[in-house]
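Below you'll find the structure, written out as structure tokens, and then a few comments.
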Amino acid sequence: MDRVFIVSNLKSYKTESEAREWLESFKKIQQFQKGLGDKEIIVCPSFTTLFLFKAFIKENNLPVKIGAQNISPFDEGAYTGEVNAKQVRDFADYVLIGHSERRTNFGEKEDVLTKKVDLSLKYGLIPIFLIQDENTAVPKGVELIAYEPVFAIGSGNPDTPESANSVASFVKLKNKDYKILYGGSVTFDNVRAFTGKSEISGVLVGGASLNPDDFIQIIQNA
Ligand code: PGA
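First residue of the sequence shown? That's 1 in the working numbering, and the numbers climb one at a time after it.
Shown next, in the form of structure tokens:
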């Protein structure tokens with residue numbers, strides 16, 4: 001069976017105490033560990049709680065990897081306020097790059113996104129590169145892609161599994177080894193319809209993963 005990626009994007013939510021509560025509740029995932037098969041669970045919290053997530057996951061031996069939501073387009077150096085790939089690598093295995101919220105709110109364009117991908121690869125972080133449609137440019141070296149149409153994000157109005165599957169197969173024409181996830185209003189009710197599609201290798205979940213019980217349900221249903 002191919003690996004199914006189930007990624008939680010906690011966005012700009014969760015204080016330290018809220019993150020601790022989320023983890024305490026999410027710990028139940030241990031009970032389902034045997035049934036997880038080839039599911040790769042990845043949680044992407046804010047920088048401020050990466051340390052907490054790493055320690056908690058290790059202490060409780062949870063079957064979960066950590067992803068960051070962003071990295072600097074610069075390497076380490078005199079870039080006040082930036083968190084770079086080398087620093088993030090201490091905590092995370094993955095990093096989200098190219099989310100539409102960053103493209104829209106922070107003006108991130110292809111050149112910056114390519115720098116981020118290059119730096120993530122330089123330091124051994126796996127980029128999860130987000131595309132908004134089948135024509136979004138994908139930088140070299142990317143293998144894991146998440147297709148998230150803007151209309152579907154946080155709207156309760158997901159793309160159809162059929163459309164997501166055809167976008168995924170179109171993107172794979174450029175590189176058959178791409179693994180494509182779907183994101184945008186994924187819930188425990190609809191997740192299986194996406195992961196059941198031949199060209200879709202998993203899901204990226206925002207809002208519905210803010211509640212740890214819902215996220216566990218998504219993992220089980222995927
Ligand atoms: P959503 O967000 O699940 O809340 O639609 C997905 C995302 O933006 O990654």
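Positions of the beta carbon are idealized from the N, C-alpha and C atoms, including for glycine.
For residue i, which three-state DSSP category applies?
| i | result |
| --- | --- |
| Ser72 | coil |
| Pro158 | coil |
| Pro212 | helix |
| Leu96 | strand |
| Val64 | strand |
| Ala146 | strand |
| Phe188 | coil |
| Val88 | helix |
| Lys179 | strand |
| Ser201 | coil |
| Asn135 | coil |
| Glu40 | strand |
| Phe106 | coil |
| Ser169 | helix |
| Ile153 | coil |
From residue i to residue j, what does the alpha carbon distance come to, in whole angstroms?
| i | j | result |
| --- | --- | --- |
| Thr160 | Lys58 | 37 Å |
| Gly202 | Thr49 | 24 Å |
| Phe53 | Val186 | 23 Å |
| Gly124 | Asn70 | 15 Å |
| Asn84 | Lys122 | 11 Å |
| Lys86 | Ser72 | 10 Å |
So the candidates are the options; which of them puts its Cα closest to the Cα of residue i?
| i | options | result |
| --- | --- | --- |
| Ala222 | Glu40, Phe26, Phe56, Ile131 | Glu40 |
| Asn9 | Gln33, Phe32, Cys44 | Cys44 |
Could you check if residue i is buried or exposed, using at least 16 other CB atoms within 10 Å of its CB as the buried criterion?
| i | result |
| --- | --- |
| Gly67 | buried |
| Ala137 | exposed |
| Phe286 | There is no way to answer for residue 286, as the model of the chain reaches only from 1 to 222. |
| Phe32 | exposed |
### Message
Check whether the region 129-137 and the region 88-100 touch, using three or more Cβ-Cβ pairs below 8 Å as the test.
### Response
With a cut-off of 8 Å, the region 88-100 and the region 129-137 count as touching, because enough Cβ pairs lie within range.
### Query
Would you call the region 198-213 and the region 170-188 in contact, with 3 or more CB pairs under 8 Å?
yes
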